[in-house]
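Chemist: This structure is in structure tokens; I'll ask about it shortly.
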Amino acid sequence: MEKIKLFDKTFRLFIRNAEIEAAIDKVAEQINKENEDCCDIPVILCVLNGSMMFTSALMKRFTFNCELVTIKLASYAGTSSTGEVKELMGFTADVRGRRVYVIEDIVDTGTTIVELEKKLKEHGAASIKICTLLFKPESYHKDLPIDYVGISIPKAFIVGYGLDYNEVGRNFEDIYVIDEEGDAPRMKYYVLFGPPGAGKGTQASAMVERYGLHHISTGNLLRKEIAAGSELGLRAKALIEEGSLVPDEVVEGMIASEFRSVKGVNGFLLDGFPRTIAQAKALDEMLASTGEEVTAVVSIMIPDSMIVERISGRAAVEGRADDADVSVIRHRIDTYHAQTEPEITYYKKSGKYFEVDGVGTIDQVRERIFELVDRF
Ligand code: 5GP
Ligand code: MG
Numbered sequence: 018m019e020k021i022k023l024f025d026k027t028f029r030l031f032i033r034n035a036e037i038e039a040a041i042d043k044v045a046e047q048i049n050k051e052n053e054d055c056c057d058i059p060v061i062l063c064v065l066n067g068s069m070m071f072t073s074a075l076m077k078r079f080t081f082n083c084e085l086v087t088i089k090l091a092s093y094a095g096t097s098s099t100g101e102v103k104e105l106m107g108f109t110a111d112v113r114g115r116r117v118y119v120i121e122d123i124v125d126t127g128t129t130i131v132e133l134e135k136k137l138k139e140h141g142a143a144s145i146k147i148c149t150l151l152f153k154p155e156s157y158h159k160d161l162p163i164d165y166v167g168i169s170i171p172k173a174f175i176v177g178y179g180l181d182y183n184e185v186g187r188n189f190e191d192i193y194v195i196d197e198e199g200d201a202p203r204m205k206y207y208v209l210f211g212p213p214g215a216g217k218g219t220q221a222s223a224m225v226e227r228y229g230l231h232h233i234s235t236g237n238l239l240r241k242e243i244a245a246g247s248e249l250g251l252r253a254k255a256l257i258e259e260g261s262l263v264p265d266e267v268v269e270g271m272i273a274s275e276f277r278s279v280k281g282v283n284g285f286l287l288d289g290f291p292r293t294i295a296q297a298k299a300l301d302e303m304l305a306s307t308g309e310e311v312t313a314v315v316s317i318m319i320p321d322s323m324i325v326e327r328i329s330g331r332a333a334v335e336g337r338a339d340d341a342d343v344s345v346i347r348h349r350i351d352t353y354h355a356q357t358e359p360e361i362t363y364y365k366k367s368g369k370y371f372e373v374d375g376v377g378t379i380d381q382v383r384e385r386i387f388e389l390v391d392r393f
């Protein structure tokens, strides 16, 4: 079903069951591995009602001995959190001295899990791990680390696969998101990260085509402005000719003008910008001035060893001498990490940072990116 109606609200298909199952496979694999050599029997704490489907699916995959315990909490009324957690039913077994896995359907503001962790500590649990099927990083501002996450999603109200709207909608095997008709479609602003050799250019083209985006690469922008002889272009040209770096405000000015002038697109894909936290902040301010925001930062990840392999492979094929030297490649990798790490931290704080595994064929990586970006 593409759409469902629950009381006064319409919801549209958001995450298919196959994707949910694949996410559960991954989480189960991690927890199984962690319990391989354990001889105690951990508690699998199902937080009712929402996480009954997830707990069931997860437990079916467990290969170690475990005990199911439940607790019933409530914090949501309608489509928003009340900020207050009510205990409707206490732990169904003693958790004292036990290792506990908290199984949640979704972590939103984190009020529930923080409250639950406190309760578990009071009851003497030996250790506490938090495992959630869904996670809204943009809403989460607590310090408590979440040990296992199935799928990260933007902040929107969802139902299905155990999740309800005023107690209905739990029965659907797929997950649906509230359909806010009447809302004008918002412009999307994606930032693409990826080390050299991660296939960023190829994937950027695929994203541009699928989502109707306008690709902004700082290098291309500079060349375009200079060719057009615009005021910014002339300034940039003069600076480049005297061997200086183009200052942030010039680059930012060009990007702002691109945002304003390009029409008929669903959004923008930024590539090569922001490169520093100062630029990231400038971008946030630029967008905030029109009531907009960065939609997501998509980071294509490959191990360093693979970067070396891919770049030197490419050098051999294309005869690019600049790419052939391993120490030069290593330096580029180091520069990349030094530059992006602080930015990653910055975007993680606002919950906008999402990683995509870049190991595999171009098609595989593209599918992973689409699976993520389809949600926004
Ligand atoms: P938190 O305490 O982290 O803000 O919220 C956790 C609880 O709120 C979840 O266990 C769930 O019951 C409810 N919740 C949070 N977000 C959603 C949502 O998008 N849809 C539904 N149906 N419930 C949600
Ligand atoms: Mg819940």
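FYI, the working numbering numbers position 184 of the sequence shown as 201, with every residue one higher than the one before it. Think of the CB as a built atom: it goes at the ideal place given N, C-alpha and C, for glycine as much as any other residue. Here the structure is a predicted model, which is why all the values come from computation and not from measurement.
Output the distance between the C-alpha atoms of GLU38 and ASP288, rounded to the nearest integer angstrom.
Modeler: Taking the first residue of the sequence shown as position 1, residue 38 is located at position 21. Taking the first residue of the sequence shown as position 1, residue 288 is located at position 271. Near 33 angstroms, if we compare the C-alpha coordinates of ASP288 and GLU38.
Chemist: Report the three-state DSSP secondary structure of LYS77 (helix, strand or coil).
Modeler: Position 60 of the sequence shown, counting from 1, holds the residue named residue 77. If DSSP states are grouped into helix, strand and coil, LYS77 belongs with the helices.
Chemist: In whole angstroms, give me the CA-to-CA distance for GLY270 and PHE152.
Modeler: Sequence index remark: in the sequence shown, residue 270 carries index 253 (1-based). Sequence index remark: in the sequence shown, residue 152 carries index 135 (1-based). Computed Cα separation, rounded: 35 angstroms.
Chemist: Based on the DSSP output, what are the partners of ASP16 in its beta bridges?
Modeler: A query on residue 16 cannot be resolved here, the shown segment of the chain reaching from 18 to 393 and no further.
Chemist: In the DSSP output, what is LYS22 paired with across the bridge?
Modeler: To locate residue 22, count along the sequence shown from 1; it is residue 5. In DSSP, LYS22 forms a bridge with THR27.
Chemist: Does DSSP put GLU121 in a helix, in a strand, or in coil?
Modeler: Stepping through the sequence shown from its first residue, residue 121 is reached at position 104. Looking at GLU121 - three-state DSSP - the assignment turns out to be strand.
Chemist: When you measure from the CB of VAL176 to every non-hydrogen atom of ligand 1, does any distance come out below 7 angstroms?
Modeler: Looking up residue 176 in the sequence shown gives position 159. VAL176: yes, Cβ under 7 angstroms from ligand 1.
Chemist: So, are the CB atoms of ASP196 and ARG29 less than 8 angstroms apart?
Modeler: Residue numbering aside, residue 196 sits at position 179 when the sequence shown is read from its first letter. Residue numbering aside, residue 29 sits at position 12 when the sequence shown is read from its first letter. Yes, they are a contact pair.
Chemist: Where do the ends of the beta strand (DSSP E) carrying VAL373 lie?
Modeler: Position 356 of the sequence shown holds residue 373. That run of the beta strand (DSSP E) goes 370-374.
Chemist: Do THR72 and ligand 1 come close, with the Cβ less than 7 angstroms from some heavy atom?
Modeler: The residue labelled residue 72 in the question sits at position 55 within the sequence shown. For ligand 1, not one heavy atom lies less than 7 angstroms from the Cβ of THR72.
Chemist: CB of GLY368 to nearest heavy atom of ligand 1: below 7 angstroms?
Modeler: Residue 368 sits at position 351 when you count from the first residue of the sequence shown. Checking every heavy atom of ligand 1 against the Cβ of GLY368, none is found closer than 7 angstroms.
Chemist: Can you tell me which residues form a DSSP beta bridge with LEU62?
Modeler: Residue 62 sits at position 45 when you count from the first residue of the sequence shown. Under DSSP, LEU62 forms a beta bridge with VAL86, VAL119.
Chemist: In or out: GLN220 buried (at least 16 other Cβ within 10 Å) or exposed?
Modeler: What you label residue 220 is simply residue 203 of the sequence shown in a count that begins at 1. Here GLN220 is buried: its Cβ has 16 or more other Cβ atoms, across all protein chains shown, within 10 Å.
Chemist: Buried or exposed, going by whether 16 or more other CB atoms sit within 10 Å of the CB of CYS63?
Modeler: Taking the first residue of the sequence shown as position 1, residue 63 is located at position 46. That one is buried.
Chemist: Quick check on GLU259 - is its C-beta less than 8 angstroms from some C-beta in chain B?
Modeler: Looking at the structure shown, chain B is missing, and only one protein chain is on hand.
Chemist: From GLU384 to ASP391, what distance separates their C-alpha atoms?
Modeler: Stepping through the sequence shown from its first residue, residue 384 is reached at position 367. Stepping through the sequence shown from its first residue, residue 391 is reached at position 374. Going by the C-alpha atoms only, they are around 10 angstroms apart.
Chemist: Please report the straight-line C-alpha distance between GLY127 and VAL315, rounded to a whole angstrom.
Modeler: Position 110 of the sequence shown, counted from the start, is the residue given in the question as residue 127. Position 298 of the sequence shown, counted from the start, is the residue given in the question as residue 315. Near 24 angstroms, if we compare the C-alpha coordinates of VAL315 and GLY127.
Chemist: Within this structure, are the beta carbons of GLY216 and VAL382 separated by less than 8 angstroms?
Modeler: By one-based count along the sequence shown, residue 216 stands at place 199. By one-based count along the sequence shown, residue 382 stands at place 365. It is a contact, given that the beta carbons lie within the stated cut-off.
Chemist: Express the C-alpha separation of THR293 and PRO359 in angstroms, rounding to a whole number.
Modeler: Locating residue 359 in the sequence shown gives position 342, counting from the first residue. Locating residue 293 in the sequence shown gives position 276, counting from the first residue. So the alpha carbons of these two residues sit roughly 8 angstroms apart.
Chemist: Find out if the Cβ-Cβ distance for the pair PRO396, ARG115 is shorter than 8 angstroms.
Modeler: Because the chain is modelled from 18 through 393, residue 396 falls outside the range shown and cannot be assessed.
Chemist: How many angstroms separate the CA atom of LYS365 from the CA atom of HIS158?
Modeler: Within the sequence shown, residue 365 is the residue found at index 348, counting from 1. Within the sequence shown, residue 158 is the residue found at index 141, counting from 1. Within the model, the alpha-carbon separation for LYS365 versus HIS158 is close to 11 angstroms.
Chemist: Can you give me the C-alpha to C-alpha distance between LEU23 and TYR363, rounded to a whole angstrom?
Modeler: As a first step, residue 23 is located in the sequence shown; it is residue number 6 there, counting from the start. As a first step, residue 363 is located in the sequence shown; it is residue number 346 there, counting from the start. Their backbone Cα atoms lie some 38 angstroms apart in a straight line.
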